[in-house]
Structure formats: structure tokens, C-alpha cells
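Protein chains in written order, with the numbering used here: chain A, 1 to 371; chain B, 372 to 742.
Glycine included, C-beta positions come from ideal geometry on N, C-alpha and C.
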């Protein structure tokens with residue numbers, strides 16, 4: 001068995017905590033050596049001096065008591081100079097600032113795994129700088145499987161299709177767990193007259209939405225995922241400003257565009273109900289349901305996030321349940337019927353799994369020798 | 372860019388031809404160097420002496436005219452002693468004899484990629500010998516993504532789930548393109564009274580079945596796939612005889628069990644229609660359709676291939692179309708709703724893609740360096 005690969009984990013929110021927990025558990029614990037954990041303020045070098053083992057339940061008080069102020073360049077330096085270097089830098093923050101450092105981190109030979117969408121869905125300048133500093137242009141690998149569909153094998157499948165010479169014609173899917181839940185409840189094949197505002201409130205109460213539901217309803221998160229997918233396909237539009245270059249339909253109803261706070265927005269949400277009621281009944285007359293989808297139309301040269309109608313027997317109407325994602329790849333090989341992947345596309349455990357499966361892929365790449 | 376990895380391709384049937392075609396085309400051609408192709412009788416070393424480039428349209432006459440008698444050990448020796456060794460041995464045969472040599476091939480450091488199910492679904496003795504000779508126990512990698520679901524990411528997803536510490540509870544799916552087509556046509560949500568024998572004949576005429584349709588209807592192919600899946604899950608039954616250890620329902624109707632030839636079988640197929648008619652109407656009374664499925668029930672410790680009934684709103688009833696495979700993974704993380712993968716699970720191009728994506732994974736592993 002090879003020596004464990006050194007790993008530093010930055011970001012200890014819900015996903016970071018789940019990554020930590022998977023890293024400390026049996027199947028992964030022997031392959032990786034956690035050399036450092038950090039939140040936005042403090043970092044903790046490992047192993048602990050008193051040889052107490054780190055666990056998912058003790059790390060927080062220990063970090064708070066013994067942590068040093070966060071210093072990202074010195075973390076990268078630890079990973080690049082470790083006896084078993086280069087190590088892997090896990091960016092589990094939601095920050096813009098860390099992805100801006102990816103080119104520099106990679107150019108020190110350190111690998112990166114991240115669920116953070118910012119680096120891959122922002123300006124094409126940053127995206128190209130990241131790629132220029134990464135495999136196959138350098139020895140450092142950067143992977144972000146969980147940036148789209150969490151633990152679902154979406155990006156790896158798209159990469160395989162492209163790399164083996166298939167031609168992507170169209171990718172179409174429900175990419176937001178929150179918007180999946182909202183429209184699966186609001187617009188059902190079997191009918192129903194629940195109010196849009198009531199569904200959003202239930203989704204918020206269940207913790208399915210961001211603290212400010214407008215962050216989900218703006219469609220920005222979907223546009224970021226579409227950017228990441230598009231950029232993996234040769235011949236798609238350049239998207240110089242990343243997600244901001246994608247036409248994105250906002251679900252904040254026009255009548256509420258002037259709401260000043262999330263409180264005011266939620267209070268006044270019923271004012272938007274007529275707008276969504278009309279959409280739903282118009283669709284129903286045509287035998288359709290309403291879904292919020294993302295589309296990468298390679299042949300048409302269009303990428304967009306929008307409300308769309310689907311017939312009652314379409315998988316987006318019948319097969320989609322709860323807050324699942326569903327993504328269909330229409331390609332030259334997968335034609336006329338697409339390749340479809342469906343399942344939970346959000347949640348700490350499955351998002352962490354997307355990251356730890358990336359860690360394993362890097363581990364395998366580092367421990368397979370040519371001779 | 373690293374030097375191309377040497378590759379030998381054994382087996383030039385439909386899938387082998389498609390692998391050859393993908394290997395000779397742009398995205399892959401620069402990563403791999405094809406050093407030899409062979410069918411069951413002859414092999415041809417490459418590049419050709421007259422420096423004519425090999426193409427998907429000229430290889431067959433050239434092989435027939437200039438091929439040397441097939442000698443597998445010398446092929447392996449070429450791959451292990453090549454200046455860019457070790458190379459990759461692609462077994463695209465359907466033979467039992469080649470998989471029996473995997474342990475020996477791997478122990479010479481040569482990697483293996485294969486769509487051939489025989490090595491992974493036969494005796495546990497051979498399976499364990501293969502594993503003992505492969506990564507992570509040695510430096511040689513063996514991958515067979517396309518042995519289940521062709522180009523669909525079934526095995527890679529299962530491996531990721533297991534390796535990241537998820538607990539598999541149940542895998543359930545329609546694993547045979549042929550049986551998918553037959554039952555999607557025979558037992559529909561919207562009803563219909565087509566005869567089983569007529570559907571089988573159409574499937575045969577369309578080329579969806581093996582030359583002898585009983586090879587599909589026996590369920591053996593499904594049992595082989597279930598064996599391959601089960602063996603990747605810790606705590607599943609041992610299956611000492613591989614697929615032969617799995618309870619497998621045959622669809623050759625009892626009344627036809629004594630048919631001596633495929634001709635006699637097809638002639639007399641209508642004698643079995645009553646049997647299937649009864650199954651269908653019994654299911655229909657309960658609001659169900661009939662499907663031929665494979666189940667790996669980890670919690671119950673059971674693996675079986677059988678006819679089963681599914682409610683009209685189940686994905687196996689509504690989402691399944693044509694000859695698609697659909698596989699659902701019920702796990703601790705993907706619960707209560709499973710992770711579902713669906714799409715063409717057979718066909719030369721997508722099966723070849725499963726192989727060439729394995730080739731790329733090995734290429735990445737060989738060209739990522741620790742420093």
C-alpha cells in the first residue's frame with residue numbers, strides 16, 4: 001500500500017464537515033493524511049500535539065481553542081513541501097477569494113478538489129488561467145465533480161462523452177434541488193391548485209432554500225452549473241463573463257421586483273401568485289407541466305436557464321420527485337433517447353461524496369506507476 | 372504532452388471495430404499508439420511497414436493478407452517490453468480463454484481493458500486471481516466499465532459509492548437491452564394485447580437479440596452483470612460459481628423447454644403465449660406492468676434475475692423506453708429516492724465508449740506524476 005496522500009481541508013460548513021467525516025472514516029482514512037483543517041478565520045495543523053485523534057465531534061472546539069489565524073499561502077506551502085508532496089487542497093468554502101488563487105496553487109504542483117462553483121463559472125479569464133495551470137498542461141490536477149449535481153456523476157460522464165469522441169447535441173435538466181422541489185409540488189401531472197407562495201414557504205421552512213429564497217429563485221445557481229457544463233464542450237459559446245453571460249429567467253415575480261428585503265419579499269409573495277397560476281393553467285391546457293430547467297443547446301449555440309413546459313409523459317414530469325436533479329445528455333451516440341442521470345443533487349453527504357470521489361481519483365492517479 | 376500509451380486490440384467484432392474506430396479518431400489518436408490488432412486467427416503488428424495508415428475501412432483486408440497467426444503470449448510480451456511500456460491489452464473477444472489469462476497478463480505489468488464479462492462473472496477463483504494480480508495489489512490496472520450497461524457509468528458509480536463509504540442497500544434494474552425492448556413492447560402502461568411470440572420475432576428481426584433468442588431469454592447475461600455488481604459490494608454473497616450461483620428465471624416457457632434448436636423454438640414460440648398472456652393480465656389487474664429485472668438485495672443477502680411487477684407510475688414502467696437499461700442504486704445516502712442511471716445499455720458504439728473511457732482513465736493515471 002502506498003503512503004497516504006496529504007490533504008488540507010478549507011471550509012467547515014455543512015459540506016466541509018461531511019467531507020471531514022468521510023475522510024476520517026474507514027474506507028478513506030488509510031488513503032489520505034489530513035494535515036490541516038481551517039474555517040474562514042482559523043486553521044489547525046494535524047496531527048494534534050497531544051496525539052488525541054481528531055473526530056467529527058471534537059474538531060470544532062479544538063480548532064477554536066488551538067487554531068492559528070488563517071494563512072492560505074502557508075497552507076499551500078505545507079502541501080507542496082510535505083515529504084509525501086504534492087498534497088491535495090480541498091476548497092470547501094463558498095468564497096470568491098480562494099478560487100482566484102487556484103492558478104497559483106496549481107502552479108506549485110498542489111492538486112485541488114472543490115465543490116465551490118466560483119472558479120469554474122466566473123470570468124473566462126480566471127477559468128483559462130486555472131486550466132493553463134492544470135493537467136494536462138501541468139502535473140497538478142483540479143477536479144470539481146460536485147459543482148454540478150453534487151455526488152451524481154454528471155461532469156465525469158460529460159468528460160467521458162467528449163473525450164471518447166461523442167458529439168454533444170443538447171444537455172437539458174433540472175439542476176436545482178430547490179427549484180425541483182418547488183415545481184414538483186406546484187405543477188403536478190395529477191393537477192392541484194396549491195399557491196406558489198405556499199410552496200416556497202414550505203420549501204423555506206423545510207430548509208430546502210437558501211436563507212433568502214430569492215438566491216434560488218434568481219436562477220443564478222443554475223446559470224453557474226450551465227457555465228461549468230458548457231465550458232467542457234468544444235464549440236459552445238465562450239461565455240466571457242461566465243454565468244453572467246447566460247440568459248437567466250428570474251422567478252422573482254415582476255410585481256415583487258421592488259421588494260427591499262427577504263422579509264418584505266416573503267410577506268408580499270402572494271402578490272406573485274396570479275403570475276404563476278396563469279403559467280400553470282396555460283401549460284395544463286396543453287397537457288404540460290411547468291419546470292425550471294437549464295439547457296445547453298450545442299447545435300443552436302444557446303445556453304439558457306428558464307421556465308419551460310413538458311408533456312405529462314416526459315421524464316421531467318413523471319420521473320422527477322422531491323428535490324431530485326435530472327440531467328439528460330442528447331448526443332450522437334445517445335440518440336434518439338438520451339443518457340439520463342437522476343437523484344439527489346444537493347445535501348451535505350452527497351456533495352461531500354462528489355469531493356471524496358475526486359480525492360480517490362487523484363489518489364489512484366498518484367499511486368499508479370508506469371513501471 | 373506525454374508519449375502515447377501502447378495499446379493492442381484483440382477481437383474485431385462489432386465492438387472491437389468500434390473501439391478501433393474511436394482509437395484512430397482525433398480525441399484519442401494522440402494519446403494512444405495502436406501496436407497490434409488481432410482477430411481469433413490472425414494478428415497484425417503496427418505501424419504497417421509500407422507506412423500506409425490504418426483506417427476503419429482498410430484494416431480487414433490488410434489483416435487477412437499480412438496477418439501472422441495469433442499468439443497471445445507474444446502480444447503481451449510486446450506490451451510489456453515496449454519502450455513506452457507497460458501498454459494496455461484490450462480484450463474485445465467474447466472468449467473464455469483470454470480472461471483465464473488475465474492474472475498472467477497483469478502480473479507482467481500490462482494493463483487490461485475489456486467489455487468481456489467472462490473473467491469477472493465466472494468462478495470466484497478466477498475473479499480473486501485477477502484481483503490479486505491487479506491494482507492496488509500490483510501496478511497493473513484492470514477495468515471493465517462496459518461489462519455492465521455498456522457506456523453508462525454504472526460500475527464507476529458503484530465503485531465511487533462504495534469507496535467513499537456509502538452503504539449499498541439495493542441495486543435494481545433492467546440490465547438487458549433485449550429484454551427491456553421485449554417487455555416495454557409486451558407490457559405497456561396503456562395496455563395492448565400483442566403476443567409475446569410476435570414481440571420476440573420482431574426483436575430478432577431488428578437484430579436486437581442474439582442469433583438464438585434463447586441466449587437472451589435464459590437470463591444468463593443478466594446474471595453475469597449481477598455477479599459483476601455484487602462482487603464490488605462488501606458483504607454480498609460470495610457467488611463461488613459466479614453467475615451460475617445466482618437464481619435466474621428463464622423466459623423459455625416451460626412448454627418449450629424441450630425445443631431442440633432455435634428454429635424449432637421460434638416455430639413453436641406461440642405455444643408459450645398463453646403463459647405470458649396470463650402473467651400480463653394478472654399484473655394488469657393489480658395496476659402493474661411486467662419487467663425482467665436483476666436485483667442485488669444487500670440487506671436481504673439475495674441476488675436474483677427474475678420477472679417482476681411494477682406499478683404504472685414506477686420509473687421502470689413510465690421512464691423506460693426502447694431497449695434502454697435503467698439501474699437504480701438505493702443507498703444510505705441516496706434514500707428514500709435512489710440514484711438512477713438510464714440510457715442505451717447495448718450497441719457497438721456505446722460499448723466501445725465504455726472501453727475507451729477506461730483507456731483514458733488509465734492514460735490519466737499513467738501521465739499524472741507525483742512530482
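Item	Value
Spatially closest choice to residue 179/A from 188/A, 194/A, 209/A, 159/A, by CA coordinates	209/A
Residue 546/B beta carbon less than 8 Å from that of residue 518/B	no
Chain-ordered residues of the stretch 335-363 of chain A with a beta carbon less than 7 Å from chain B	337, 338, 339, 340, 341, 342, 343, 344, 349, 350, 353, 356, 357, 360
Short CB-CB distance (under 8 Å) between residue 141/A and chain B	yes
Among 48/A, 72/A, 71/A, nearest to residue 61/A - alpha-carbon criterion	48/A
Whole-number beta carbon distance between residue 691/B and residue 555/B, since they are thought to touch under 8 Å	6 Å
Nearest neighbour of residue 15/A, chosen from 264/A, 327/A, 93/A [CA to CA]	93/A
Host beta strand (DSSP E) of residue 331/A (start-end)	324-331
Partners in chain B for residue 318/A, counting only beta-carbon separations shorter than 9 Å	684, 686, 689, 690
Neighbourhood of residue 305/A by C-beta, 7 Å cutoff - its chain only, sequence neighbours within 5 removed	219, 222, 223, 226, 246, 248, 249, 294
Residue 735/B in three-state terms, based on DSSP	helix
Beta-carbon proximity check, residue 328/A vs residue 167/A, cutoff 8 Å	no
Environment of residue 534/B [buried if 16+ CB atoms lie within 10 Å]	buried
Secondary structure of residue 260/A, DSSP reduced to three states	coil
Short CB-CB distance (under 8 Å) between residue 22/A and chain B	yes
DSSP-derived helix/strand/coil call for residue 617/B	coil
First through last residue of the alpha helix (DSSP H) which encompasses residue 403/B	No alpha helix (DSSP H) contains residue 403/B, which is instead part of the beta strand (DSSP E) from 403-409.
Contacts of residue 25/A in chain B (Cβ-Cβ under 7 Å)	536
Coil, strand or helix - residue 199/A by DSSP	helix
Entirely enclosed alpha helix (DSSP H) segments - the stretch 482-543 of chain B, minimum 4 residues	489-492, 495-503, 525-534
Contact set between residue 527/B and chain A, taken where Cβ atoms lie within less than 8 Å	153, 156
Start and end residues, beta strand (DSSP E) containing residue 10/A	5-10
Cβ neighbours of residue 231/A in the same chain (closer than 6 Å, five flanking residues each side left out)	none
C-alpha gap between residue 435/B and residue 413/B, whole angstroms	7 Å
Where residue 506/B meets chain A, residues with beta-carbon distance less than 9 Å	364, 367, 368
Buried versus exposed call for residue 574/B [16 or more other C-beta atoms within 10 Å across all chains shown]	buried
C-beta atoms of residue 453/B and residue 484/B nearer than 8 Å	no
Terminal residues of the beta strand (DSSP E) in which residue 223/A lies	From DSSP, residue 223/A is part of no beta strand (DSSP E) but of the alpha helix (DSSP H) over 220-230.
Beta-carbon proximity list for residue 139/A, same chain, < 7 Å, skipping 5 on both sides	109
Residues that residue 322/A contacts on chain B, provided the C-beta gap is smaller than 7 Å	708
Short Cβ contact (8 Å threshold) for residue 705/B with residue 344/A	yes
Neighbouring residues, chain A, relative to residue 380/B (Cβ below 8 Å)	Going along chain A, no residue has its Cβ under 8 Å from residue 380/B, so there is no contact; the nearest lies around 15 Å.
Start and end residues, alpha helix (DSSP H) containing residue 304/A	That residue, residue 304/A, is in no alpha helix (DSSP H); its beta strand (DSSP E) goes 302-311.
Inter-residue Cα distance where the pair is residue 737/B and residue 310/A	45 Å
Buried/exposed call for residue 17/A, threshold 16 Cβ in 10 Å	buried
Contact set between residue 28/A and chain B, taken where Cβ atoms lie within less than 9 Å	534, 535, 536
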